[in-house]
Amino acid sequence: MERALITGVAGFIGSHLAAELLRQGWSVTGLDSRSAASDPVAGENLAVLTGDPRFQFVRADVTVSDLMILSEGVHAVFHLAALAGVRRSWGDRFGDYLSCNVLGTQRLLEACAAADVPRLVFASSSSVYGQGGGKPSREDDQPLPLSPYGVSKLAAERLCLAYARQRRVATSVIALRYFSVYGPRQRPDMAFSRIMRAAVSGRAMSLYGTGAQRRDFTYVSDVVAATIAAATADARAEVVNVASGRSVPLSEARRAISRFVGSDVPAQRRVAQPGDVEATTADLTKATELLGYQPKVDLEEGLRRQWEWIAGKDCPAALAMTEAVR
0 MERALITGVA GFIGSHLAAE LLRQGWSVTG LDSRSAASDP VAGENLAVLT
50 GDPRFQFVRA DVTVSDLMIL SEGVHAVFHL AALAGVRRSW GDRFGDYLSC
100 NVLGTQRLLE ACAAADVPRL VFASSSSVYG QGGGKPSRED DQPLPLSPYG
150 VSKLAAERLC LAYARQRRVA TSVIALRYFS VYGPRQRPDM AFSRIMRAAV
200 SGRAMSLYGT GAQRRDFTYV SDVVAATIAA ATADARAEVV NVASGRSVPL
250 SEARRAISRF VGSDVPAQRR VAQPGDVEAT TADLTKATEL LGYQPKVDLE
300 EGLRRQWEWI AGKDCPAALA MTEAVR
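Structure (structure tokens):
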């Protein structure tokens, strides 16, 4: 039985990753600074894991806790703990982003190196690219992040590669640049979650910009598949895109959600925020070659699954509407 350590396990992607690793027979230690008692969203995510005897939850903070003990005997570390959010990263909170995203990563790298952990998989972000230049972003493009959040993720990514390239260090690294991940249990502040919850409540959602901005939306199970493949891929220090390979306007996604709901989702337009990019799209050549990655869930199906989860959780009558539009 292989043993994994997941940081940020109480988060959206972390909890999905842990559930799939357990399904595949791994033993999983999950670390997070949040707990079910302190955070209802974390509690909801952890609820899908806590009944499995091969799962151990440890409440710990990557910026201060003893990570060496947790790393011992681990075959792969999946580092997903981070302070997320482009818009919130401006101003006097940037110190928190540096502490969690950069210092926390450096401390984990030190622990992995000391414990001879074979592989660390780091959750990076498409935010490191910036605008992307209107063509699919490749891993060898010059990164030009447009937000403090993007800067912090790029710094952490470069730290990971620097540690992996040291002589006599056992830990190899693959940094995965995730593009706009969505699905059941998506963070409440993210676009699809806000649109769908507005549909359930009948209240208008905040729409930043025109809605014409394009994103390479990636379903969470595809992200999980790529992340697990990265644990055993033949690599020493690599960066890899993980996306759907298709860039879609946010307005198109809103229309798809409206079809499930049966009516338009009300929106209150707001000005575009600093750090928001016009378009993201990924070149998946490297992901295909190195990870054998092929995204399987298209946007229509992924949105349906996320809507049915939110509708079933928040409003049983709304779930019936999704059946009517099938």
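For the sequence shown, numbering that gives the first Met the number 0 gives the first residue as 0, with consecutive numbering after it. No residue lacks a Cβ here, since even glycine has one placed at the ideal position from N, Cα and C.
Comparing C-alpha distances from Y148 to each of K285, L97, R193, R53 shows the shortest one belongs to L97.
A residue is called buried when at least 16 other Cβ atoms come within 10 angstroms of its Cβ; K152 meets this threshold and is buried. One alpha carbon belongs to G311, the other to F259, and they sit about 13 angstroms apart.
For T280, no alpha helix (DSSP H) encloses it, and the DSSP letter there is neither H nor E.
In the three-state scheme derived from DSSP, where H, G and I count as helix and E and B as strand, E251 is classed as helix. A check of alpha carbon separations from V247 across V238, V264, A278 identifies A278 as the nearest. In the displayed model, Y218 falls within a strand according to three-state DSSP. Annotated three-state conformation of A154 is helix, per DSSP. When C-beta atoms of the stretch 268–275 are compared with those of the stretch 226–235, fewer than three pairs fall below 8 angstroms, so the two segments do not count as touching.
Linking Y177 to G13 through their CA atoms gives a straight-line distance of about 13 angstroms. The C-beta distance from L175 to A122 rounds to 6 angstroms, short enough to meet the 8 angstroms contact threshold.
Of the candidates D38, W308, N240, the residue whose Cα lies closest to the Cα of S124 is N240. As summarised for the stretch 70–149, the continuous beta strand (DSSP E) elements at least 3 residues long and confined to that stretch are 75–78, 118–124, given in chain order.
With a cutoff of 8 angstroms on beta-carbon distance, L16 and V223 are scored as near each other. According to the DSSP assignment, G29 belongs to the beta strand (DSSP E) that extends over 26–31. Counting along the chain, no beta strand (DSSP E) covers R193; the unbroken alpha helix (DSSP H) around it starts and ends at 190–200. Annotation for E43: the continuous alpha helix (DSSP H) segment containing it runs 39–45.
Between G24 and T209, the alpha-carbon positions lie close to 46 angstroms from each other. R253 has its alpha-carbon roughly 38 angstroms from the corresponding atom of A75.
In this model, I194 and T217 are separated by some 17 angstroms (Cα to Cα). Taking A281 as reference, the option from V127, R118, V63 with the minimal CA-CA separation is V127. Rounded to the nearest angstrom, the gap between the Cα atoms of Q267 and P187 is 17 angstroms.
Between A242 and E299, the C-beta spacing is not below 8 angstroms. Per DSSP, F56 lies in no alpha helix (DSSP H); the unbroken beta strand (DSSP E) holding it starts and ends at 54–58.
Distances from the alpha-carbon of S220 to those of G7, R235, G133, F11 put F11 closest. The C-beta separation of L249 from Q212 comes to about 6 angstroms, placing the pair in contact by the 8 angstroms criterion. For A17, there is no enclosing beta strand (DSSP E); the enclosing alpha helix (DSSP H) has its first and last residue at 11–22.
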